[in-house]
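J.: Heads up: the sequence shown begins at 124 in our numbering, then just goes up one per residue.
Let me begin by handing over the structure; questions about it come next.
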Amino acid sequence: MTTIATICARRNSQSLPEKNIRPLIGKPLINHTIEQALSYKI
124 MTTIATICAR
134 RNSQSLPEKN
144 IRPLIGKPLI
154 NHTIEQALSY
164 KI
């Protein structure tokens, strides 16, 4: 069985522009999300 996931992230936020590419603990926020999705096993 193949698992498919989508990670929806907008480029800009009204309150914090480009928040998904800003560093959070040394990596962009979107990287944390992608790493969590890749580490998930069914």
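Cβ coordinates follow ideal geometry from the N, Cα and C atoms, glycine included.
Being a predicted model, the structure only gives us computed values, none of them experimental.
Once you ignore the five residues that flank residue 153 on each side, which residues in its own chain have a CB closer than 8 Å to its CB?
T.: Locating residue 153 in the sequence shown gives position 30, counting from the first residue. Counting only Cβ-Cβ distances below 8 Å, and skipping sequence neighbours, we find 130, 132, 143 and 144.
J.: Helix, strand or coil, according to DSSP, for residue 150 in the structure here?
T.: Looking up residue 150 in the sequence shown gives position 27. Strand.
J.: For residue 128, I'd like the list of residues in its chain whose CB is within less than 6 Å of its CB, leaving aside the five on either flank, ordered along the chain.
T.: Translated into positions along the sequence shown, residue 128 becomes position 5. Excluding residues within five positions, the ones whose Cβ falls inside 6 Å are 160.
J.: Quick one: residues in its chain with C-beta nearer than 8 Å to the C-beta of residue 147, no 5 flanking neighbours on either side, listed in chain order?
T.: To locate residue 147, count along the sequence shown from 1; it is residue 24. Around residue 147: 155.
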